[in-house]
Amino acid sequence: MPVSNQITLSQYITTRWKQLGVKHVFGVPGDFNLEFLDYIENDPDLNWVGDANELGAAYAVDGYARVKHGLGVLVTTFGVGELSALNGVAGSMAERLPILHLVGLPSTKLQSSHALLHHTLGNGSFDTFSAMNSHLVATVGVLKQGSRWTEEVDRVLGVALTECKPVYLGLPTDLFHVKVSSDGLKTPLPYPHSAPPLPASKSSPVERENNLETNPILSRVINDITERFKRAKKPIAIIDICADRFGCGPGLRELVEKSGIRFFETPMGKSVLDEQHPQFGGVYIGRNSLPAIRKEVESADWVLMCGKLESDFNDIRSVVPLLTKALEAAVKDMGGPKSEHANGQKVIKEGEKQREDAKAVPDTGKEIIHKWLWPRFGKFFMPHDLIVVETGTSSFGIVNVPIPTTASCIVQTLWGSIGWATGAVLGVGLAASERKNPGRTILITGEGSLQMSIQEVGTLVKMGLKPYLFVINNDGWVPLFHPGYVYEIERQIHGVKAKYNDIQMVDHQLLLPFFVGRKSNLPHASYEVHTPQELDALLKDPEFNKPDRIRLIEVFMPRGDAPESLLTQAKLTAMANAQV
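Residue 498 in our numbering sits at position 450 of the sequence shown, with consecutive numbering throughout.
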């Protein structure tokens, strides 16, 4: 093998990352990954983020992958590091995000001799932690002496990209610098889930699979859906999150427009399609939906579920363009769309009225309440904004707020790990910085959630990011009787006055000065607002709307106040928990 064809295994791995569009790498240094980190630090095209802890890093890479619509990379050390990241990795698994978790391992020699090492359980076992990870990722690859290293690297990355799930790659210290052939880099990996299928010749397997004449199963699926559509009187589509994960958003927009059907979203699928589109009907959450939305969805006689999480969506990228053509032809044969909602000809009057009524809530009160807050946030949002909302009051409050065209609502609905959003906003902001039009990065979280991952505010400062950090403080003005901040979502489910739902009070106005420190020149500003008038004036301020500094806005609200959808869900959850 010619010497010029040789590179180190670490260079092979980092080159693959760059081929896949990775520019920021998240993680925490540890003694079993330090020499590998040299390859990142010395690469002009890669940026090492360096998080406060591994959990925050896992949250951040989750946010990064969501905005990039592609691979995110997390690097930790063996044992203590990888286990600290597991909760975040599990969230990415639950919500289908392509994350590579690279773990620096002790050398193959130390492993084979069952050496007694730190970061182990002291039992000579070195596969315990990779086995634990195997339950939370799509595949595990542990490189060993004599293995086909580059093929294994490519296999693991390929699984992440095609299945949109986290994967685990264990890299021992004595393999960081081994020489491998660079030839494998000439073969593209499976296309990222956001990209269209690669061009194929007529004789290729890809085209044969997508050809209705040569694929009878696909042909039967398309024909069956189309025939049911022709017989339907009230057809609708429901867009779920995996439509976004597998890059089908643009294709589904074309499908609903050419078929003329009304579309709805699930909470996880929020903002996958344009919520300002005339055919958008709202967010459907079963019994917790706005009444008019629930009525229309549940009275439909033809429902196209697009990217539903628990469904088999291996063929979604093949089905969507073919189904679009079939439904477009069916509409022409029928003389035009039969749906009364096609192309915005008739909107859902009751649902639109409910949203307009919410916007009209007066701001003359003395306290900021959720019924007023979320419609007001809706007016603050702009195109290209990246809006990260925390599990709890924020995720419920934003459900019925229409998101501007080209803006995105980013929320961890299924896994629901409190504290995720503060870590995720770091990855979201860095992914945004790689865009031509980064827009504004906005975090909306609660004071309890913030304390879960507050260290990553320091990483935001270190990376020079300038997001808006809205912190909802529902202390409730009664510190003498019931001191401490609270987990409002938990109180609504159970334990309204229980002390276990309280947390220690902190002074949020000192947060940015604390993390920015005396030696940093990063512009920053902190605000506290107590009335609707104060918040309204702040959100209208032209200078405030310029994302030229990191801002923390503490929004004071009364205890016990919560979005109506959270109150309903809390009752449903409490009932479910009480069942024997």
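Glycine included, C-beta positions come from ideal geometry on N, C-alpha and C.
Original post:
To the nearest whole angstrom, what separates the beta carbons of residue 317 and residue 287, a pair I think is in contact under 8 Å?
Top reply: Their Cβ separation, rounded to whole angstroms, is 5 Å, which keeps residue 317 and residue 287 in contact under 8 Å.
**OP:** Could you tell me if residue 632 is buried or exposed, where buried requires 16 or more neighbouring beta carbons within 10 angstroms of its beta carbon?
**Re:** With the chain running from 49 to 628 in the structure shown, residue 632 is simply not present.
Subject >> Per DSSP, the bridge partner or partners of residue 183 >> reply: None, per the DSSP bridge assignment.
Original post:
Can you tell me whether DSSP reads residue 462 as helix, strand or coil?
Top reply: In this structure, residue 462 counts as coil in the three-state DSSP scheme.
**OP:** Within the segment 317 to 384, note down every full beta strand (DSSP E) run reaching 3 residues or more, in order along the chain.
**Re:** Entirely contained in the segment 317 to 384, the beta strand (DSSP E) runs reaching 3 residues are, in chain order, 328 to 331, 350 to 354.
Original post:
Can you name, in chain order, every residue of its own chain whose Cβ lies under 6 Å from the Cβ of residue 450, other than the five neighbours on each side?
Top reply: So the list reads 323, once near-sequence residues are dropped.
Original post:
If you compare alpha carbons, which of 507, 461, 454, 453 is closest to residue 447?
Top reply: Residue 461 is the option with its Cα nearest to residue 447.
Original post:
What's the call for residue 568, buried or exposed, on a 16-neighbour Cβ count within 10 Å?
Top reply: The residue is exposed, with fewer than 16 neighbouring Cβ atoms inside 10 Å.
Subject >> Best match in 342, 583, 187 for proximity to residue 178 [C-alpha to C-alpha] >> reply: Residue 187 holds the alpha-carbon nearest to the alpha-carbon of residue 178 among 342, 583, 187.
Subject >> Secondary structure of residue 448, DSSP reduced to three states >> reply: Coil at residue 448, not helix or strand.
**OP:** Ignore the nearest five residues each way along the sequence and tell me which others in residue 507's own chain have a CB closer than 6 Å to its CB.
**Re:** Hits under 6 Å: 99, 100, 474.
**OP:** Could you work out which residue in 414, 602, 379, 132 is closest to residue 501 when comparing CA atoms only?
**Re:** Among 414, 602, 379, 132, the Cα nearest to that of residue 501 is on 132.
**OP:** Work out the CA separation of residue 565 and residue 510 for me, nearest whole Å.
**Re:** Their Cα atoms are separated by approximately 11 Å.
Original post:
For residue 443, does the three-state DSSP call read helix, strand or coil?
Top reply: The answer is helix: DSSP assigns residue 443 an H, G or I state.
Original post:
Which same chain residues, not among the five before or five after residue 91, have their C-beta less than 7 Å away from its C-beta?
Top reply: So the qualifying residues of the chain are 62.
Original post:
Residues in its own chain within less than 8 Å of residue 399 by CB, not counting five upstream and five downstream?
Top reply: A caution first: residue 399 carries a pLDDT of 44, below 50, which makes its placement in the model too unreliable to give a value.
Original post:
residue 415: which of 609, 314, 320 sits nearest, CA to CA?
Top reply: Check the Cα spacing between residue 415 and each of 609, 314, 320: the tightest is with 609.
Original post:
Name the DSSP beta bridge partners of residue 574, please?
Top reply: DSSP lists 600 as partners of residue 574.
Subject >> Cβ shell of residue 58 (< 6 Å), same chain only, five flanking positions each side left out >> reply: Cβ-Cβ distances below 6 Å link residue 58 to 84, 87, 224 in the same chain, with the five nearest sequence neighbours on each side left out; the list follows chain order.
Original post:
Between 294, 422, 459, 300, which lies nearest to residue 372 when the distance is taken from Cα to Cα?
Top reply: It is 300.
Original post:
In terms of alpha-carbon separation, which member of 267, 144, 163 lies closest to residue 463?
Top reply: Answer by Cα proximity: 144.
**OP:** Within the same chain, show all residues whose beta-carbon is closer than 8 Å to that of residue 292, passing over the 5 residues directly before and after it, in chain order.
**Re:** Answer for residue 292: 117, 317, 320, 355, listed in chain order.
**OP:** Check whether the Cβ atoms of residue 379 and residue 427 sit closer than 8 Å, and answer yes or no.
**Re:** Their beta carbons are not under 8 Å apart, which means residue 379 does not touch residue 427 by this criterion.
Original post:
To which residues of the same chain is residue 445 closer than 6 Å at the C-beta, ignoring the five residues directly before and after it?
Top reply: Same-chain partners within the cutoff: 418, 422, 611.
Subject >> For residue 607 and residue 413, the rounded distance between their alpha carbons >> reply: The alpha-carbon atoms of residue 413 and residue 607 are separated by roughly 16 Å.
Original post:
Relative to the C-alpha of residue 70, which residue among 146, 591, 213 is closest?
Top reply: When 146, 591, 213 are compared, the shortest CA-CA separation from residue 70 is found for 146.
**OP:** Tell me whether the beta-carbon of residue 498 lies closer than 8 Å to the beta-carbon of residue 454.
**Re:** It is not a contact, given that the beta carbons lie outside the stated cut-off.
Original post:
Which residue comes first and which comes last in the beta strand (DSSP E) that contains residue 313?
Top reply: Per DSSP, residue 313 belongs to the beta strand (DSSP E) from 310 to 313.
**OP:** Go through its chain and collect everything with a Cβ distance to residue 437's Cβ below 6 Å, but skip five positions before and after it.
**Re:** Within the same chain, 443, 446, 459, 492 come within 6 Å of residue 437 by CB-CB distance, once the 5 residues on both sides are set aside.
Subject >> Coarse secondary structure for residue 132, derived from DSSP in three states >> reply: Helix.
Subject >> Per DSSP, the bridge partner or partners of residue 283 >> reply: Per DSSP, 350.
**OP:** Assign residue 263 to one of three DSSP states: helix, strand, or coil.
**Re:** DSSP places residue 263 in coil when its eight states are reduced to three.
Original post:
Roughly how many angstroms separate the alpha carbons of residue 252 and residue 363, rounded to a whole number?
Top reply: Because the pLDDT at residue 252 is just 46, under 50, the model does not fix this residue reliably, and the value given afterwards should be weighed accordingly. One Cα belongs to residue 252, the other to residue 363, and the distance between them is close to 17 Å.
Subject >> Cβ separation of residue 107 and residue 75, assumed to be a contact under 8 Å, to the nearest whole Å >> reply: In fact, because the Cβ distance is near 12 Å, the residues do not count as touching under 8 Å.
Subject >> Sequence-distant residues of the same chain with beta carbon closer than 8 Å to residue 194, five excluded per side >> reply: Exclusion of the five residues before and after residue 194 leaves no residue of its chain whose Cβ lies closer than 8 Å to its Cβ.
Original post:
At which residues does the beta strand (DSSP E) containing residue 220 begin and terminate?
Top reply: Per DSSP, the continuous beta strand (DSSP E) segment holding residue 220 begins and ends at 215 to 220.
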